[in-house]
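Numbering (mature numbering (1 follows the signal peptide of the UniProt record, and there is no 0)), first residue to last: -26 to -1, 1 to 128.
Glycine is no exception: its CB is placed at the ideal position from the N, C-alpha and C atoms.
To keep things clear, I will list the structure first and then write my remarks on it.
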């Protein structure tokens, strides 16, 4: 009797394992199995504006801080403002200045979030786990002929 209960328990656990494995593989993207990169692609602490924008007034800092409120009175200080030598393009997202070129929560436009395993590379959500032009992070190219596997070249 005890052996029969043990045998039934093992069969049940095997069946549950197979079902869970099937669900996981059916719902996951093959390129999204890469663990998130340890280095975070957050906005910089300060944006250095490439030029003084016409929306800026004398009482507003020409170096907007990360997350600075962008609706000051009736002026919007950061829609379409280029910053950080062309690596940031600021827009007012939920009343705060955000770059849409490299922010995975505002990629290409406000509130456009990249999926798991993706980074915002030049305003485009990109899988960095298997992309030889963006291997593990944006603009990290693998040497000619080397594959990008799980975010590492080689």
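Between the alpha carbons of residue 64 and residue 124 lies a distance of about 31 Å. Following the DSSP letters along the chain, one finds residue 66 inside the beta strand (DSSP E) bounded by residues 62 to 67. Out of 87, 74 and 112, the CA that lies nearest to the CA of residue 103 is found in 112.
Nearest to residue 81 by alpha-carbon distance, out of -22, 109, 95 and -4, is 95. Residue state for residue 51 is assigned as coil, using DSSP reduced to three classes. In the DSSP assignment, residue 101 falls within the beta strand (DSSP E) that extends over 98 to 101. Per DSSP, the continuous beta strand (DSSP E) segment holding residue 92 begins and ends at 92 to 95.
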